[in-house]
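Per this note's numbering, the very first residue in the sequence shown carries number 45; after that it's consecutive.
Here is the structure we will look at.
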Amino acid sequence: MSKSLLDTDIISEILKGIDPNIRTKAIAYRSQFGFYTTSVISVMEIVEGWHRRQNEARIKQFLSTLITEEVLPMTLADADLAGRIYADLERTGQRIGYPDCIIGAIAINNKITLVTGNTSHYQRIQNFGYSLLLDNWR
């Protein structure tokens, strides 16, 4: 197992603890690396979802768990690459939204695999020749 960036859907599934495949792989990953790696974009998306439901207690609990995790920032290089990815996808009518373009760029620039259940979304980035590595824990 290689170091990976966990997409928003995978982090959400880990928090729920329902999917046995994700649970097994998450336990193995944490055993090997000692922490999960995610992005500030995934943090934003999870906070947005709970804020929409007016669940401030869950937001506070979630943010407190991030102290022991690795949260990758969005850098200028990530912004540059994400803008290019977004433009390529939009030009061909394959838009996936800014957050996923940024998450993909963060994974590419950090040379780590993106773990996601949304592989069809991110394969659009690969189809343009970007070196995005994907894994699906579902």
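The beta-carbon is built from N, C-alpha and C at its ideal position, and this holds for glycine as well.
Cβ contact annotation for S46 (same chain, cutoff 8 Å, sequence separation greater than five): I156, T157, in chain order.
In the structure shown, D179 adopts extended strand secondary structure according to DSSP, grouped into three states. Around the Cβ of G173, a 10 Å sphere holds fewer than 16 other Cβ atoms; the residue is exposed. Listed as beta-bridge partners of L158 by DSSP are L49, L178. Shown here for I55: same chain residues with a beta carbon closer than 8 Å to its own, the five before and five after excluded, namely Y80, T82, S86, I90 in chain order.
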